Every structure is written in structure tokens, then in C-alpha cells.
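Okay, so here's the structure we're looking at.
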Amino acid sequence: MEYQILNTSTCLLVLLVFIPTGLGICPSSCKCSGNDRNVDCSGRNLTVLPQGLQDNLTYLNLSFNQFVDLDHQLTRFTNLRTLDISNNWLKNVPAHLPKSLWELYATNNNIKVLQKLDTAYQWNLRVLDVSRNMVERAVLINNTLSSLKFLNLSSNKLWTVPTNMPYNIETVDLSSNFLSQILPGTLVRLQHLTSLYLHNNKFSYIPDKAFDQLSQLQEITLYNNPWSCSDNQNIPYVLQWVQGTAARVVGPPCAEQPRPWASAAPPAQPTAPDSSPMIKGTKAAGREASAAAPEPTRVTKTHKQFKAKEVPPLDPAPFPDGPQEAAATRTILVQDSAGGNASLAPATGPSTTPMTLSITSGMPANYSKMPQSTSTTLRKEEATPSARVPSRASRWQTGLLCLALLRAAAAAMD
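Using mature numbering (1 follows the signal peptide of the UniProt record, and there is no 0), the letters of the sequence shown correspond one by one to residues -24 to -1, 1 to 390.
Given below as C-alpha cells:
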């Protein structure tokens, strides 16, 4: 009997301890799911935590309320994985948050400083979003936040890129701040960084070697920054880095602005139309050839007009050199009507220079000693205005005429 009473008391004690957890209690001002372990209390104008929240929560949404201070009030939720405290009136990240957190969303509050103790013991934290606050300084302790993959500090009042960011981080959003400088060594350890957002800041340049260790970077945003495109001492690094990186660069610096330091002097325009190297070489060779060649005579520069007079063919019978019946000779008298060339005739000489052109065709007797072609002989002879020097054919013709006259006279005397 006593044994039964003892067992009954033990069972009642166990029920009193575990029934609330097993059955779950959801606050009236919230919505619950997943055995009441996922609690959504957003948009309820709450200023304090609702009553009845169980300790084994894994998801808690307290956004869009009027919380001003949550220090030390969330420590008991040791199984909490996701906490959303966005859009409240919080002045700082709540102190003593459970170390079990994976995701912390604290956007759109009045947080001014991210203290080192706010994240010092968050070894499991993977996502930290403190965007749209008034953060002027973010203090991170080296070798903390070892599991952090996503850090969002956009839309704050930061002047310097935070140092000591965790080495395993993959995405960092620092856009819409007042960032103007990156201290040496700030990004050196971030060899797993894939996305970096720096748009809408006050950068005028990026220090040398600041991005050199970002070997895994896939995307970076740089637009809406007052880049000093004319600063030929500091701006070249980021411009050269943008050209050489494999990452996707959104809004590259100075893409639509002049770069005086990078503009080279335009090539000199050729003064002559012959810009082709081949043509220039040909002309140079032509100049050398003309310099080496003798000066042409004035005969090649004087245009002449010639008149030709054809002399009737002679009788080939009287030629004394043997049988040349197959040959025919035509003599053409060529007269220079241009008055001759001053270099060939004296100034007081006659204005007409007779020329005899003898053309012999056919097959002469000494054919074997001559080339098998028509021979053309051009001779220029000096003459006086009153008489011409008779040619060989004319002398033969005159001799025949005298012989005929002598025969006729002899016949008359008989």
C-alpha cells in the first residue's frame, strides 16, 4: 500500500513538471506552431515579453513592436535558433543573448554601436543583420563569430570598414554608409568572401592591394561613390583590379568619366596622304634611284612635232653590191618643225633640221651576216637652208639620168 502511494506521488510530480512543456503553452497575443516552439509575436505593440513563452523555443519573432530594452530577458531560451527583433526602439543589441543562436535580425532600430560583447560568445551565429540602424562603430573581436557567413551592416553611419571580420564569412553588405577608407589588412583574411557590397558610400579610391586576397570573390558593387577619376596616384589600383578580376563588378568606377592620367597622346597625323608603309618604302626607293641617276638631257623634256615626206622608191637594178632584188628601200625626209633643241643646234642655226629615215626590208644577199629582222636606221644630218646633201640613192639616180642623156645625144648625132 505504501509502495503504491509512493509511485502515485512520483507520477504526479513528473506530470506537474513536464506537462506544461509537453503540452505547450502559446501566449494569447502570439501565434504558435511546431508544438508551440515556433512563436510569432510580431506587430502586437508589445513593450514587454508576453507571458507563457516556453523555454525550449527554437524560433521567436518580436519584430514591429515597441521594445526599448531586452537585456537579460532572452537568456533562458537556450534552444533558440532564430531571433527577430527588427523594427523596434532598441538602442543596443540585447545583452546576454543565448549562445545557441544561428540567426539574429535586428534591423531598423536605434542601435548606435555594435559592442564587442554583443557578439563575443556567439560561436554558432551564421547570420547577423544590423542594417538600417545608426551604427557608427562596429567592434568585432578577432577569432570570434567563427560560424558567421552573412553580415549586413548596410544603411548605417560607418566611416571605416570594420576590422576583425570573421575569416569564414561569405557575404558582407556595407552599402549605404559613409565609408571612405579601408584600413590596411582589413580584408586580408577574407579568403572565403564571395559577395561584397560597397555601393552608396563615400569612397574616392581603394588603397593598394586592398582586394588582392579576395580570391573567391564572385560579385562586388561599387556604384554611387565619388571616385576621384583624375587622381593618377590613387585611383589606378581599383581600375586595374576591376579589369583583371574574375568577379562580377556592378558599377565599375570611372566607367563614364574621363581619365586624364590614362589617356595617351594621339598618334601624329601623317602630313602626306601616303600613309601606307609599302607606299612610303616605294617612294623612298624612288627618291634614291632618282638621286643616283644622271640628270636627263633636255631632249627628253622638249616636245617636238615631226613632218614626214615620203620619197618614191628607187629602181633596185643599179645597185653594184650584187643581187639585192628582194630588198626594197624607202627614204623618208623628217623635218623638225619645233625649231630643234637648243642643246643640239646653235642658236644661229637654221630652224629646220632635215632627217633621213631609211627603212630596208626584204632579204639582202648577206642575209647570213644580218639578224633576221627589219633594220631601221635613223640619221640626222646637218644641212644648209639652200641645198641638201644628196643621199646615196639620189647620186645613183643622177648618174643614170646623165647616162641616158649622153646616149640620147649620141643617137642624135648619128
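Yeah, the Cβ is synthetic: ideal placement off N, Cα and C, and Gly gets one too. This structure is a prediction, so every number in the text was calculated from the model and none was measured.
Beta-carbon proximity list for Ile117, same chain, < 7 Å, skipping 5 on both sides | Against the sequence shown, residue 117 aligns to sequence position 141. Closer than 7 Å at Cβ, skipping near neighbours: Lys92, Ala96, Asn140.
Mind checking if Thr136 is an interface residue toward chain D, Cβ cutoff 8 Å exclusive?
-> Here there is only one protein chain, and chain D is not present.
Residues of its chain near Ile61, where Cβ-Cβ distance is below 6 Å and the 5 sequence neighbours each way are ignored = The count along the sequence shown starts at 1 and reaches residue 61 at position 85. Here the set comprises Leu38, Ala82.
If we call anything under 8 Å between Cβ atoms a contact, is Leu77 one with Asn41?
-> Here residue 77 refers to the residue found at position 101 of the sequence shown. Here residue 41 refers to the residue found at position 65 of the sequence shown. No; because the gap between Cβ atoms is not below 8 Å, this pair is not in contact.
Proximity of Val103 and Lys125 at Cβ, strictly below 8 Å | Start at 1 with the first residue of the sequence shown, and residue 103 comes out as number 127. Start at 1 with the first residue of the sequence shown, and residue 125 comes out as number 149. In contact: Val103 and Lys125 (Cβ atoms closer than 8 Å).
C-alpha distance - Arg165 paired with Leu190, whole-angstrom precision = Your numbering for residue 165 matches position 189 in the sequence shown. Your numbering for residue 190 matches position 214 in the sequence shown. Distance between the alpha carbons of Arg165 and Leu190 is about 8 Å.
Would you kindly work out how many angstroms separate the C-alpha atoms of Ile211 and Asp105, rounded to a whole number?
-> In the sequence shown, counting from the first residue as 1, residue 211 sits at position 235. In the sequence shown, counting from the first residue as 1, residue 105 sits at position 129. Cα to Cα, the separation comes out at about 31 Å.
Limits of the beta strand (DSSP E) - the one that residue 395 falls within = Residue 395 lies beyond the range of the chain shown here (-24 to 390); nothing can be said about it.
Residues in its own chain within less than 8 Å of Leu66 by CB, not counting five upstream and five downstream?
-> Walking along the sequence shown from the start, residue 66 turns up at place 90. Closer than 8 Å at Cβ, skipping near neighbours: Phe43, Val44, Asp45, Leu46, Ala82, Asn85, Asn86, Ile87.
Give the DSSP-derived three-state secondary structure of Asp94 in the structure shown.
-> Position 118 of the sequence shown, counted from the start, is the residue given in the question as residue 94. Asp94: helix per DSSP, three-state reduction.
Find the nearest neighbour of Cys230 within the set Cys8, Gly220, Thr147, Pro202, judged by alpha-carbon distance.
-> As a working note, residue 230 is residue 254 in the sequence shown. Taking only the C-alpha atoms, the option nearest Cys230 is Pro202.
Near Leu33, what residues of its chain come up, given a Cβ to Cβ distance below 8 Å and the 5 sequence neighbours on each side ignored?
-> Here the question's residue 33 lines up with position 57 in the sequence shown. Answer for Leu33: Arg13, Asn14, Val15, Phe53, Asn55, Leu56, listed in chain order.
Go to Tyr35, then tell me how far its beta strand (DSSP E) extends in each direction, as first and last residue.
-> Working through the sequence shown from its first residue, we reach residue 35 at position 59. Unbroken beta strand (DSSP E) run through Tyr35: 35 to 37.
Which partner residues does Ser171 have in the DSSP bridge list?
-> As a first step, residue 171 is located in the sequence shown; it is residue number 195 there, counting from the start. Answer by DSSP bridge pairing, in chain order: Thr147, Glu195.
State the DSSP-derived secondary structure class of Gln209, mapped to helix, strand or coil.
-> If you number the sequence shown from 1, residue 209 lands on position 233. In this structure, Gln209 counts as coil in the three-state DSSP scheme.
Which residues in the same chain as Ala114 place their Cβ atom closer than 7 Å to its Cβ, once the five residues preceding and following it in sequence are excluded?
-> Taking the sequence shown and counting its residues from 1, the one referred to as residue 114 is at position 138. Here the set comprises Leu90, Leu129, Leu134, Pro138.
With a CB to CB cut of under 8 Å and the five nearest residues on each side skipped, what residues in its chain are close to Gly220?
-> Taking the first residue of the sequence shown as position 1, residue 220 is located at position 244. Contacts found: none.
According to DSSP, is Ala71 helix, strand or coil?
-> Counting from one through the sequence shown, the residue named residue 71 turns up at place 95. Three-state DSSP puts Ala71 in coil, outside helix and strand.
Nearest-angstrom Cα distance between Gln98 and Glu195?
-> As a first step, residue 98 is located in the sequence shown; it is residue number 122 there, counting from the start. As a first step, residue 195 is located in the sequence shown; it is residue number 219 there, counting from the start. Each residue's alpha carbon lies about 27 Å from the other.
If we ignore side chains and look at the alpha-carbon of each, how far apart do Glu79 and Thr58 end up?
-> The count along the sequence shown starts at 1 and reaches residue 79 at position 103. The count along the sequence shown starts at 1 and reaches residue 58 at position 82. Their Cα atoms are separated by approximately 5 Å.
Which residues share a DSSP beta bridge with Gln157?
-> Taking the sequence shown and counting its residues from 1, one reaches residue 157 at position 181. Answer is Thr136.
Taking buried to mean at least 16 other C-beta atoms within 10 Å of its own C-beta, is Asp188 buried or exposed?
-> Along the sequence shown, read from residue 1 onward, the residue named residue 188 stands at position 212. It counts as exposed.
If you draw a straight line from the C-alpha of Gln167 to the C-alpha of Ala223, how long is it?
-> Residue mapping note: residue 167 aligns to position 191 of the sequence shown, counting from 1. Residue mapping note: residue 223 aligns to position 247 of the sequence shown, counting from 1. Rounded to the nearest angstrom, the two C-alpha atoms are 14 Å apart.
On the DSSP bridge assignment, give the partners of Tyr81 in chain order.
-> By 1-based counting over the sequence shown, the position of residue 81 is 105. Tyr81 pairs with Asp60, Asp105.
Answer with buried or exposed for Ala318, where buried requires no fewer than 16 other C-beta atoms within 10 angstroms of its C-beta.
-> Here residue 318 refers to the residue found at position 342 of the sequence shown. Any reading at Ala318 must be qualified, since the residue scores a pLDDT of 40, below 50, and its modelled position is unreliable; no value is offered.
With distances taken Cα to Cα, identify the nearest neighbour of Asp94 among Asn132, Val69, Pro183.
-> Residue numbering aside, residue 94 sits at position 118 when the sequence shown is read from its first letter. For the residues Asn132, Val69, Pro183, the minimum Cα distance to Asp94 belongs to Val69.
Using DSSP with H/G/I as helix, E/B as strand and the rest coil, what is Leu129?
-> Here residue 129 refers to the residue found at position 153 of the sequence shown. Reduced to three states, the DSSP call for Leu129 is coil.
Where does Val111 sit, in a helix, a strand or coil, going by DSSP?
-> Working through the sequence shown from its first residue, we reach residue 111 at position 135. Reduced to three states, the DSSP call for Val111 is coil.
Residue environment, Ser4, which counts as buried when at least 16 other CB atoms sit within 10 Å | Position 28 of the sequence shown holds residue 4. Exposed.
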